[in-house]
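S.K.: Sharing a structure below in structure tokens format, with a few things to ask.
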Amino acid sequence: MAHKVLRKVTHCIFDMDGLLLDTERIYEEVTRQIAASFGRPYPEAVRFRVMGTTEQRSAEIAITECQLPISRTDFLKRYTQLCHERLHNVPLLEGAERLLRHLHASKVPFCLATSSGADMVELKTNQHRELFGLFDHKVCGSTDKEVANGKPAPDIFLVAASRFGVSPAAADCLVFEDSPNGVTAANSAGMQVVMVPDPRLSEEKTSHATQVLGSLADFKPEQFGLPPFRE
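Residue 123 in numbering that gives the first Met the number 0 sits at position 124 of the sequence shown, with consecutive numbering throughout.
Below you can see the structure in the form of structure tokens.
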């Protein structure tokens with residue numbers, strides 16, 4: 000991937016699933032289980048199309064692509080039930096806690112912008128309440144009335160930026176994402192984006208990110224004009 004110029008930022012916006020919390024594998028297992036109950040496969044390519052979208056849009060894609068004889072309402076009912084059984088104690092991903100605590104200690108404003116609904120966010124963060132309490136605010140795309148369109152549309156990131164105490168310019172925001180849909184959304188919002196992709200994604204699917212990392216542990220804040228880690 001060609002080297003990209005990294006601009007100084009003042010605010011950070013984080014996706015959650017597959018970036019801060021190790022939830023994407025659970026979503027994949029749950030959807031595969033639903034598809035298998037109808038004798039259908041859940042191809043990897045469909046999984047990557049679903050990543051980063053709202054719960055409603057994810058259901059529509061899965062139903063259409065896997066040819067499931069089920070309504071969106073019924074799919075989401077099954078999906079939510081299975082998720083509730085598995086998402087009570089989701090571990091943090093590498094580098095997540097260190098970075099969030101560093102930004103908080105350095106007084107860098109940061110917020111959450113997840114496509115999940117508020118109830119699912121509550122469930123997934125239950126074991127990490129103190130850490131997720133450090134965020135300035137949270138935007139839950141599947142249930143937030145101001146988020147008209149889900150990723151890959153830019154709406155969620157523009158709404159997230161507008162809710163900081165003093166709204167930053169889009170160019171002053173750095174988004175952290177794991178999905179191609181999320182990176183597209185951040186780009187459309189006029190923001191830089193650090194991507195920590197699923198290792199199965201092709202380089203082509205990650206080439207539109209400002210920076211691609213193996214994990215958040217590899218992030219160097221000073222490259223974007225943020226305070227460096229104090230080792």
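Positions of the beta carbon are idealized from the N, C-alpha and C atoms, including for glycine.
Buried or exposed for A178, going by 16 or more other Cβ atoms inside 10 Å?
M.R.: Position 179 of the sequence shown, counting from 1, holds the residue named residue 178. In the sequence on display, residue 178 carries Ser and not Ala. S178 is buried by the Cβ-count criterion.
S.K.: State the DSSP-derived secondary structure class of C82, mapped to helix, strand or coil.
M.R.: The residue you call residue 82 lines up with position 83 of the sequence shown. Here C82 sits in helix by DSSP.
S.K.: Per DSSP, what kind of secondary structure is F47 in: helix, strand or coil?
M.R.: As a position in the sequence shown, residue 47 is number 48, starting the count at 1. Helix.
S.K.: Between which residues of its own chain and A117 is the CB-CB distance below 6 Å, once the five residues before and five after are set aside?
M.R.: Here residue 117 corresponds to residue number 118 of the sequence shown, with the count starting at 1. Once the five neighbours on either side are set aside, the close Cβ partners of A117 are C139, T142.
S.K.: Does DSSP classify E145 as helix, strand or coil?
M.R.: Locating residue 145 in the sequence shown gives position 146, where the first residue counts as 1. Three-state result, E145: coil.
S.K.: To the nearest angstrom, report how far apart R48 and N180 are at their CA atoms.
M.R.: Within the sequence shown, the letter at position 49 stands for residue 48. Within the sequence shown, the letter at position 181 stands for residue 180. Put simply, the backbone Cα of R48 is about 8 Å away from that of N180.
S.K.: Quick check: what's the CA-CA separation for A184 versus E43?
M.R.: Here the question's residue 184 lines up with position 185 in the sequence shown. Here the question's residue 43 lines up with position 44 in the sequence shown. So the two alpha carbons sit approximately 21 Å from each other.
S.K.: Count the other CB atoms within 10 Å of the CB of L173; is the residue buried (16 or more) or exposed (fewer)?
M.R.: Along the sequence shown, one-based indexing puts residue 173 at 174. Buried, by the Cβ-count rule.
S.K.: Using C-beta distances below 6 Å, list every residue in its chain close to R77, excluding the 5 sequence neighbours before and after it, in chain order.
M.R.: Locating residue 77 in the sequence shown gives position 78, counting from the first residue. I33, listed in sequence order.
S.K.: Whose CA, out of Q222, V182, H207, E221, lies closest to the CA of L18?
M.R.: Locating residue 18 in the sequence shown gives position 19, where the first residue counts as 1. Comparing Cα-Cα distances from L18 to each of Q222, V182, H207, E221, the minimum goes to V182.
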